[in-house]
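Comments concern the structure below.
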Amino acid sequence: MLATAGAVALQFVLGFSAYLVLVYESAAARRSVLQVALNSAHLVVGAILMAAALSLTLLVWRPAQSLARSASNGSSSLQPASAAS
Numbered sequence: 305m306l307a308t309a310g311a312v313a314l315q316f317v318l319g320f321s322a323y324l325v326l327v328y329e330s331a332a333a334r335r336s337v338l339q340v341a342l343n344s345a346h347l348v349v350g351a352i353l354m355a356a357a358l359s360l361t362l363l364v365w366r367p368a369q370s371l372a373r374s375a376s377n378g379s380s381s382l383q384p385a386s387a388a389s
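Read in order, the letters of the sequence shown correspond to residues 305 to 389 in this note's numbering.
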């Protein structure tokens, strides 16, 4: 949980920094190395956060589906359907 909060904080800082660099260097004809690095890091951290959110969603959803199947079969245990049989 702490790692996720840290990644979200890092994402916010990278996004804000990328925006500030974009505003202050808007007159330049070419992008600076700093601007490219911040935008790339912001993109990578965002992709990692999205993958983590998807993984967590799938991990939570799967046991819920197993419990729903167990309940429909008449089993009252909290074990997955495959272990209850």
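Just so it is clear, CB atoms sit at the ideal spot from N, CA and C, and this is done for glycine as well.
None of these values were measured; they are calculated from a predicted model.
Can the beta-carbon of ALA287 be found closer than 8 Å to that of VAL364?
Since the first residue shown for the chain is 305 and the last is 389, residue 287 is missing from the structure and cannot be characterised.
May I ask which residues mark the beginning and end of the alpha helix (DSSP H) holding MET354?
Residue mapping note: residue 354 aligns to position 50 of the sequence shown, counting from 1. Note, MET354: alpha helix (DSSP H), 337-376.
Which of the three DSSP states, helix, strand or coil, is assigned to ALA332?
On the sequence shown, residue 332 is found 28 positions in, with the first residue counted as 1. ALA332 falls in the coil class under three-state DSSP.
Keeping to the same chain, check which residues put their C-beta closer than 7 Å to that of ASN343; ignore five residues upstream and five downstream.
Sequence index remark: in the sequence shown, residue 343 carries index 39 (1-based). Around ASN343: ALA322.
Do you know offhand how far ILE352's Cα is from ALA313's?
Walking along the sequence shown from the start, residue 352 turns up at place 48. Walking along the sequence shown from the start, residue 313 turns up at place 9. Taking the straight line from one Cα to the other gives about 13 Å.
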